[in-house]
Structure formats: C-alpha cells, structure tokens
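The structure appears right after this line, and notes come after that.
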Amino acid sequence: MSELPKTYEPQAIEEKWYAFWQEQGCFAADPHSAKPPYSIVIPPPNVTGMLTLGHVLNNTIQDILARRARMLGKEVLWLPGTDHAGIATQTVVERTLKKSGEIRHRDDLGREKFQEKVWQWKEKHGGIIIQQLKKLGASCDWSRERFTMDPAYSECVQRVFVDLYNKGLIYRGKRMVNWDPSALTALSDEEVIMKPQNGVLYQFKVEVSGAPGTFLSIATTRPETIPGDTAVAVNPKDQRYAHLIGKSVVRPLPPELPVAQRLIPIVGDEQVDFEFGTGVLKVTPAHDKADFEIGQRHKLAAPDVMNPNGTMNALAGKELAGKDRFEARVLAVERLRELGLLEKEEPYQNNVGFSERTDVPVEPRLSEQWFLKYPSVKEAKAAVADGAMKFFPERWDKVYDHWLGNIQDWCISRQLWWGHRVPVWYHKKNGDVFCENVPPADPENWTQDPDVLDTWFSSWLWPFATMGWPEKTETLAKFYPTTDLVTGPDIIFFWVARMIMAGFEYMGELPFRNVYFTGLIRDKQGRKMSKSLGNSPDPLDLIAQYGADALRFGIMRSAPLGQDILFDEKNVELGRNFCTKLWNAARFRQMHGGVTEGEINPVLLGSDDKWILLRLDAAIAAVTETLEGYQFSDAAQALYRFFWTEFCDWYLEASKAALFSGDEERKANTLAVLDFVIGHALRLFHPFLPFITEELWHGMGYREDLPDDQGGRTIMYAKWPARLGQDFEEYYGLEGAEQATLDKQAVVTAGRGLRRDSNIAANKKVRFILKHKGEVSTQDAEVLKLLLNAEALELNASYQPEKGTPTAITPLGDLSLPLTGLIDVAAEKGRLTKEIQKVEQELGKVATKLSNESFVGSAPPQVVEEHRQRQLEWQSKLAQLQRMLEAL
RNA sequence: GCGCGGUUAGCUCAGUGGUAGAGCACUACACUGACACUGUAGGGGUCACAGGUUCGAACCCUGUACCGCGCACCA
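Here's what the structure looks like:
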C-alpha cells in the first residue's frame with residue numbers, strides 16, 4: 092500500500108493502467124476457454140474518422156457491457172475494427188489532394204494511382220480513431236482488429252457477391268436510380284435524405300396539336316426537364332381532359348427544333364392526381380421515378396437530357412446545353428415567358444432528395460447498375476417479431492418490421508474507385524459475363540466491371556466476416572452469434588437490418604441476440620452536433636481536461652434508454668467531481684491504516700453499519716437490474732446516489748464516531764465495514780470508471796495475493812458483486828435494521844434546521860436536548876452529537892423546555908436547542924406557525940379522503956389503513972405543535 | 001398523408017393508479033479531523049390543454065395543440 096496523493100490526477104494513471112491491461116493480455120479473447128462466451132462486434136468507425144461524442148457514448152456502453160461480462164466470469168470478445176467507408180473516404184482524400192494542388196481531378200491520377208493514394212492515406216490516418224478509443228479505455232481485443240478491405244475480408248465480400256449472383260438475387264439492369272451529380276455515383280434509397288425546400292411551382296401551357304387555340308396547362312417544379320418530356324398525362328377519369336387522350340401537344344422546348352419533332356402524345360394514366368396542380372402532368376421518363384413508370388406503361392422513349400454532373404446536355408437544346416440544372420431552370424422559365432406560355436409562378440414547398448454524403452440534390456437518373464434482391468427477409472423479420480432477437484428500446488421493432496415489409500431492391504454498385512470492385516468480367520468479343528471471386532484465366536480477353544460495391548455491402552457481413560468466415564473457425568464456434576450490438580438508430584436500415592439478413596443467409600442464424608440503440612448526441616440546445624456549427628466538442632480535449640472516467644460517467648449519467656442526449660459539459664464536470672469524491676473517500680479510509688484482514692464481527696455492528704450494508708445490498712440489486720435492462724443512466728444514477736449520498740454523506744460521517752472513539756475493537760470493526768463497502772463499490776463502479784477503480788483497487792492494497800477471479804491481478808476479473816443474501820443478513824442481524832438510522836437522520840436534519848432557523852452558524856458549538864421517547868444507545872447518541880456538531884447532546888426524558896426554546900418533533904422525541912442569550916419568541920412563533928400550516932394542509936388532504944365514503948368503501952383496505960395511520964401521525968404532530976405554540 | 005417519440009421545478013430528465021422526485025442552476029450559512037471538484041439547510045411545480053374511466057389520474061382511455069424523428073409522397 093502506498094499513500095494516495097492528495098488529488099486524483101487521471102492522465103498518468105489512465106496511461107499506466109491501459110498499458111498494464113494490454114501487457115497482461117487482459118482484453119484477449121480465448122476461444123478455447125471453458126468460460127461461457129460473451130461477444131460484441133464494434134460498429135466499425137470510418138477508417139479516416141475522428142472520435143466524436145457519438146463514439147464515446149457508443150463505445151462506453153460496449154465497454155461497460157464487456158467489462159461487466161468479464162466480471163461475471165464470461166469469456167469476452169469485443170472485436171474492433173474500421174470501415175473503409177467508400178464514398179466518404181474517397182471524397183476526403185480527393186479533396187485533400189486537390190487542396191494540396193497534387194491533382195485537379197482524380198482522373199489525373201487514374202484508378203490505380205488514386206487507390207494507392209487512398210491506401211497511403213489510410214495507413215497514415217487510419218489508426219487515429221483506434222488510438223482514441225484506447226484513450227477512452229475501450230477493452231477491445233486489439234489483436235483481432237479488422238478492416239473491411241483486409242484481403243481476407245475482401246474475399247468474403249466477393250464470395251457473397253458471387254453466391255448471390257448465382258442464386259439470381261444479384262442482377263444488373265437499367266433502372267431509375269438516385270444519382271449524386273457531385274460524387275458522380277449511384278446511391279441507395281437509404282442514402283437519400285428528403286428535405287423540404289422552398290421552390291416555385293410553375294404553370295405553363297401547351298397547345299393541343301390540330302386544335303389551334305386549345306391549350307393544356309401544366310404545373311411543374313422542374314421546367315428545365317421539359318426537353319426530356321415525351322408525353323403529357325391526364326387521368327382517364329378526369330372529364331376535363333379525357334377526350335384529349337390520344338391527341339398530341341407541342342412541347343415548347345427546345346424551341347429551335349421543328350414543331351414536328353416536338354409533338355408528344357397525351358396519354359391517360361390512373362396515377363395522375365387530378366386534384367393536384369392543373370391535373371395535367373408532364374412526363375419526363377428519364378428524370379423522374381414516377382414518370383419513368385408511366386413511360387414504361389405507355390412505351391415512351393426516355394431521352395436523358397442531362398450529363399452525369401448535373402449539367403444539361405445537347406438534347407436540352409443549344410441554349411440550355413452545358414448549363415447546370417438550376418441555371419437551366421431559370422433559363423427555361425425565361426424562354427417560356429418569352430413564348431407567352433408561362434401562366435403562373437407561385438412559391439411552393441416540396442421535398443427534395445439530397446445526397447447523404449455530398450449534400451447535393453440527388454438527380455433521378457436512368458442508368459445501368461447492379462441490384463440485390465434481399466435474401467433471408469422472412470427469417471430476418473421473424474427473428475425480431477418472435478423475440479429471438481430483442482431490440483432496446485422495443486419501439487424500434489415496428490420501424491424495422493415496416494422497412495422489411497416494404498423493401499425495394501438494393502442498388503449496390505457505386506461509380507467510385509475506393510471499395511470492393513464488382514467481381515464481374517465481360518468478354519471483350521462475345522460479351523459473355525463471368526462472375527467469380529477470382530479473375531478469369533485469360534484476363535487479356537476480359538474487362539472487369541468498373542464499379543465498386545456500396546460500403547454497406549461489405550459491412551453487412553461484419554459479425555462473421557471478422558471471425559474468419561467462411562472457414563469454420565474456433566472463434567466463430569465460440570463467439571457467434573454475438574451477444575449484444577450497440578449502435579445508433581440512424582443505421583438501423585443501412586446496417587442492422589442488412590446484417591441480420593446476411594447472418595441468416597450465410598450463418599443460418601441471427602448475428603446477435605440483443606440490439607441496443609443509443610440516442611443521438613445533441614448540443615444543449617438540442618441541435619445536432621456538426622462541424623459547421625462548431626458545437627461538437629472534441630472528446631480528447633474533454634478527456635485531457637476531466638479524465639476518461641469522468642467523460643464516461645458524465646455521458647452515461649445523461650443517456651437514458653432510447654432518448655437523445657443533450658450534451659452538456661456540466662455532466663462531464665459532474666463525472667470528474669464524482670471521481671474526486673471516490674478518491675477522497677478512499678483517502679479517508681487510508682488515513683486510518685491498512686486494509687483490515689479481520690472479518691466483520693456481527694456483535695460489534697452499530698446501527699449505521701447495518702444500515703450501510705443494507706444500502707449496499709440495495710445498490711447491488713439496483714445496478715445489476717438496471718444494467719440487465721440496458722438502463723445505463725439509471726445504473727449510473729443508482730451508483731452515484733449510493734456512494735455520494737448514502738455512503739459519504741451519512742455513513743462516512745457517522746463512522747467517525749467509532750473511528751475517533753478510542754475503542755480499538757470498535758474502530759477495527761468499523762474499518763472492516765468500510766473495506767467491505769468500498770471493495771464492493773469499486774467493483775460496481777469498475778465498468779463505468781475502469782481507471783480510477785483499478786488505481787484504487789491497487790492503491791488501497793486490496794489483497795493482491797488473491798487469484799484472478801478475486802481481483803488479485805486486476806479488478807477487471809474480480810467477481811461482480813452478488814446480492815448479500817439471506818444468510819448474510821441473518822448472520823449480521825440486518826433484518827429491520829434500517830429504521831434506527833432513518834430515525835437518526837430525521838433527528839440530525841431537524842437539529843440542523845433548528846440551528847439555521849435560530850441563525851446559529853453551522854460551526855458554532857451548541858447544546859441540544861433530546862426528550863427521548865425510547866432507548867437511545869450510547870453509540871447512537873455519539874453519532875447524533877457528532878453530526879449535529881453539538882458541544883453536548885443531553886438525553887432527558889422529562890425535559891420541559893423554557894418558553895421560546897426552539898424545539899422540533901422527531902421520531903426519537905422532541906429535540907430542543909436551548910438558547911442561552913436572548914430568546915426570540917417571535918421567531919420561534921413564526922417557525923411553529925409555518926410548520927403548523929404545513930401540517931394542517933397535509934392533514935386536510937388525508938381527512939378529505941377519509942371522509943369520502945366511496946374511498947373508504949372501495950379502496951383496498953391496506954390503502955385506507957395507510958391513510959388512517961398517516962392521519963394519526965399528522966394529528967399528533969399537529970397537537971404537539973399547537974401545545975408548543977401555546978407554551979410560548 | 002401514415003407511424004413513432006416527447007411535453008413534470010429556471011435547465012436536463014426520473015417517476016405506469018394511492019403524501020410530486022434527482023442532478024444542475026438559485027438563496028443562505030460554514031474552509032468542524034477525505035473532499036470548496038466540498039458540506040449543511042432552504043426556495044421553487046394548477047405534471048401542455050380539454051374531455052372520459054375510477055373512491056382516487058402525472059400515470060389508463062379519447063381528442064387537441066406544440067416540439068422532434070422516421071417512412072411515403074403530388075408533378
């Protein structure tokens with residue numbers, strides 16, 4: 092045992108223990124272990140990412156689960172790694188290279204050179220977030236770190252692609268996709284974010300061919316796509332227009348084309364809502380999903396009038412060609428106006444899809460892409476529906492179920508360079524398609540598909556691809572399916588649902604048993620954390636300032652199940668304060684000498700000793716229960732309350748009576764209780780506060796000679812505290828022992844109240860007199876005297892206070908504070924009157940209820956009895972107060 | 001449009017039928033033998049609104065308003 096320094100300095104201590112844990116191989120998972128398995132796979136952060144508060148929340152929860160599982164005697168695998176994050180990483184690297192002037196466009200380098208650059212970038216920056224997770228205390232098995240582009244992992248991805256291709260679930264087709272004109276790639280539906288936009292609804296008219304002077308009015312938000320219109324559609328049930336079906340109209344743009352080439356048919360289609368706009372819809376099959384479907388039904392051509400980068404092409408006419416789509420919109424409107432066809436412009440709010448990554452409006456675009464018809468949907472749905480897999484909070488069940496019930500095929504190809512390349516080759520001459528996880532034998536005759544796969548097409552294999560699949564590895568045998576998954580609800584479709592499907596398809600089993608969805612971290616005004624707002628604190632700064640334990644505890648205390656978290660640095664401060672409290676309580680214990688080897692002697696236990704043991708038992712129960720229900724903030728709160736309010740504020744103070752009593756036997760027994768409680772508390776705290784608990788565990792000298800599972804080497808493997816149990820309570824005589832302390836607490840609070848009401852400084856020694864009703868033990872009297880900071884506490888069962896003596900009613904009898912100098916009768920009168928008012932009010936409430944016949948008649952007897960008891964108590968208190976008032 | 005959350009003290013949130021709670025903030029007092037990153041005492045709430053069920057509602061039911069999120073979407 093070495094003396095603990097005066098203040099807790101987290102930095103050096105954190106580093107010391109993290110290195111120790113790693114050296115000792117404490118995080119390593121052993122598939123040969125006889126212990127029952129517990130496993131989590133980390134949601135792999137972007138390889139180029141930096142630690143955010145979201146990661147802190149997420150990974151602290153995982154670490155708490157993992158550390159607690161170890162203490163419960165499980166063989167724990169927490170498998171870490173990173174994601175190559177295709178589009179995000181490619182964008183970052185490309186931007187950096189442009190900034191440094193190395194390239195103007197990635198084409199300057201070409202595919203292979205560019206890929207090399209990304210790998211270099213990955214090597215340089217890829218480890219950062221892993222190092223940051225270590226600072227947080229994450230107990231991952233780093234020897235198993237994986238990356239979604241590791242060679243073995245890539246093989247898994249290709250194998251799965253080929254398999255799904257052979258099963259006919261992956262196909263290539265020309266479809267309407269979400270196109271990102273900035274990243275120049277297709278996106279999945281999930282990568283499109285709808286945002287309300289303030290736009291304009293334009294109304295223009297077109298002349299019906301062969302009927303001069305007959306016009307149709309069309310409403311549109313996208314006049315720039317008019318050159319791509321191949322029909323106008325009306326609802327066949329719409330009497331206004333039905334007779335025009337089959338005729339043609341003259342498309343106004345581009346104006347330089349001869350009218351004959353601008354004639355487009357009027358078609359009837361049920362999909363047209365005749366309530367909206369004018370009831371006439373312009374049909375642009377190449378630039379709108381709904382229009383594409385109409386086009387298919389009516390066999391319309393689908394000319395693409397745009398370039399991939401969102402500019403108009405030659406088909407849009409010479410005026411629009413080369414112009415950006417938004418610029419073109421303005422020009423198109425001008426043209427319509429000049430032609431006298433523009434009828435109306437009104438402000439209009441509609442939803443526009445934006446690319447999740449580049450935040451650019453997505454362009455619906457017809458293009459050749461790879462699609463996946465999801466496998467094992469039925470099994471994935473059933474797993475959650477029938478409870479084989481549990482979501483926390485439960486309400487995500489519905490969201491998941493709804494999505495799986497309505498899924499569209501997944502567009503999995505991306506026109507990027509960073510990612511897993513589609514394992515498909517086309518024969519240069521005969522056009523044969525070759526899909527294998529190895530290139531064709533005669534590569535010179537084949538061209539590989541240029542596309543790469545959506546990042547999520549690799550991460551959906553994460554739970555088993557990281558464990559050595561497709562080999563039947565020992566790791567898979569031991570740790571799959573995993574126990575818990577901890578992730579944000581924002582990727583429930585992107586990742587969670589898809590992993591479940593992949594799990595069933597390739598392992599024939601669910602990938603995890605429980606999914607805990609964290610909340611989103613927001614700032615204290617409720618705004619999302621974002622770089623541009625500058626409201627996203629750097630967790631590393633917080634760790635440097637407050638310590639990792641403080642950050643962990645602060646964030647866990649404010650993270651209720653399934654609710655968003657409004658992050659406030661105050662909570663980290665609270666965590667820091669709590670660590671200091673823990674530290675100082677330990678120092679206090681240490682002041683009184685080394686850890687006792689002796690057992691607690693039941694005969695010597697005072698009422699407060701028994702009380703704190705019962706409170707400890709309650710804390711063990713509360714923390715265990717809340718953690719089993721994934722209620723981390725409740726667990727943190729229970730710990731906080733137990734340690735600060737119950738242990739430090741009461742027990743530690745009360746224990747001073749024994750510690751300073753001079754009675755060595757009594758002192759030793761009190762120290763034994765302190766050691767017992769602190770030893771349990773440190774273990775309860777360990778999953779939340781790994782560093783400080785380890786430091787104190789060693790610093791306090793807790794039995795370093797013991798075996799691992801008793802915490803000999805590290806607290807990490809010490810047993811998770813079990814409930815004390817019936818035998819324990821009987822042996823130590825704890826049953827019903829709580830009341831004595833509760834009574835004393837009431838006396839102390841009352842006494843301090845008297846002192847304050849009489850304007851006597853807290854540090855001034857005064858004399859209290861307790862007109863005790865029953866027996867008060869010497870020890871209890873000592874505790875009362877100490878905590879009242881009294882010069883003396885006189886026990887006098889027949890005490891008659893002088894007029895005006897401040898007196899309070901307590902469970903142990905009237906407590907008086909006789910004042911020697913001037914007695915302020917008026918003040919005491921005021922105090923009593925105020926209290927009487929309060930009691931009368933309470934009494935009134937109870938009396939009203941009890942005088943209500945239907946209450947007495949219908950309420951359960953014990954409730955009525957409770958009210959009667961309460962009424963009696965209030966009545967007697969009132970009577971006493973009134974007597975006191977009269978005596979003044 | 002459909003669905004899901006939320007509305008309780010100045011702030012952030014617990015509280016699922018029987019005496020309204022915590023932390024922070026606030027006020028006052030105190031550097032008494034671990035801790036001022038502290039201690040002690042205190043002030044502060046028609047539990048969003050309107051109906052209903054019940055002896056009894058913050059809690060259950062119906063409806064409304066506002067905030068947030070998700071899904072779908074009308075050009």
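Numbering (the working numbering) for the first sequence: 92 to 979. Built from N, CA and C at the ideal position, the CB exists for glycine as well.
Apart from the five residues just before and just after residue i, which ones in its own chain have a Cβ nearer than 8 Å to its Cβ?
i	result
Trp-674	Leu-95, Thr-98, Tyr-99, Ile-783 and Leu-787
Arg-342	Val-297, Ile-317, Pro-318, Asp-320, Arg-353, Leu-354 and Ile-355
Met-620	Thr-143, Leu-144, Gly-145, Ile-612, Arg-613, Asp-614, Asn-626, Ser-627 and Phe-658
Can you check which of these residues, the options, is closest to residue i by C-alpha distance?
i	options	result
Val-443	Arg-313, Thr-717 and Trp-547	Arg-313
Lys-855	Ala-837, Glu-882 and Glu-866	Glu-882
Val-350	Ile-133, Gly-844, Gly-803 and Gly-301	Gly-301
Thr-901	His-216, Leu-797, Arg-680 and Val-839	Val-839
Ala-899	Ala-841, Leu-941, Glu-931 and Phe-859	Ala-841
By a C-beta neighbour count over all protein chains shown, 10 Å radius and 16 as the cutoff for buried, is residue i buried or exposed?
i	result
Asp-766	buried
Asn-257	exposed
Arg-774	buried
Ser-504	buried
Arg-195	exposed
Asp-725	buried
Pro-951	exposed
Gly-140	buried
Phe-734	buried
Val-453	buried
Ala-479	exposed
Straight-line CA distance for residue i to residue j?
i	j	result
Lys-435	Leu-292	8 Å
Gly-359	Val-587	42 Å
Ile-104	Phe-776	17 Å
Gly-228	Gly-638	11 Å
Pro-405	Pro-346	Reading the sequence as shown, one finds Ala at residue 405 and not Pro. Roughly 13 Å separates the two Cα atoms.
Met-92	Lys-226	Unreliable placement is indicated for Met-92, whose pLDDT of 44 sits below 50; the coordinate value is still reported in the next sentence. Between Met-92 and Lys-226, the C-alpha separation is close to 27 Å.
Phe-252	Gly-259	11 Å
Glu-437	Arg-486	41 Å
Leu-372	Leu-430	20 Å
Leu-879	Gly-684	27 Å
Gln-973	Ile-927	7 Å
Leu-335	Asn-441	29 Å
Ser-649	Val-663	10 Å
His-863	Asp-799	51 Å
Once you ignore the five residues that flank residue i on each side, which residues in its own chain have a CB closer than 6 Å to its CB?
i	result
Ala-392	Thr-321
Val-248	His-511 and Ser-549
With H, G and I counted as helix, E and B as strand and the rest as coil, what does DSSP make of residue i?
i	result
Gln-288	strand
Thr-98	coil
Arg-922	helix
Met-92	Note that Met-92 scores a pLDDT of 44, beneath 50, so its modelled location is shaky; the value from the coordinates is reported in the next line. Correct three-state label for Met-92: coil.
Pro-394	coil
Trp-108	helix
Cys-117	coil
Glu-347	coil
Cys-502	strand
Met-590	helix
His-683	coil
Ala-274	coil
Lys-936	helix
Glu-459	strand
His-511	coil
Glu-885	strand
To which residues of the same chain is residue i closer than 7 Å at the C-beta, ignoring the five residues directly before and after it?
i	result
Trp-537	Trp-516, Tyr-517, His-518, Lys-519, Phe-525 and Pro-531
Leu-427	Phe-295, Pro-314, Pro-343 and Leu-433
Pro-812	Ile-711, His-771, Arg-774 and Leu-775
Arg-161	Val-167, Met-807 and Tyr-808
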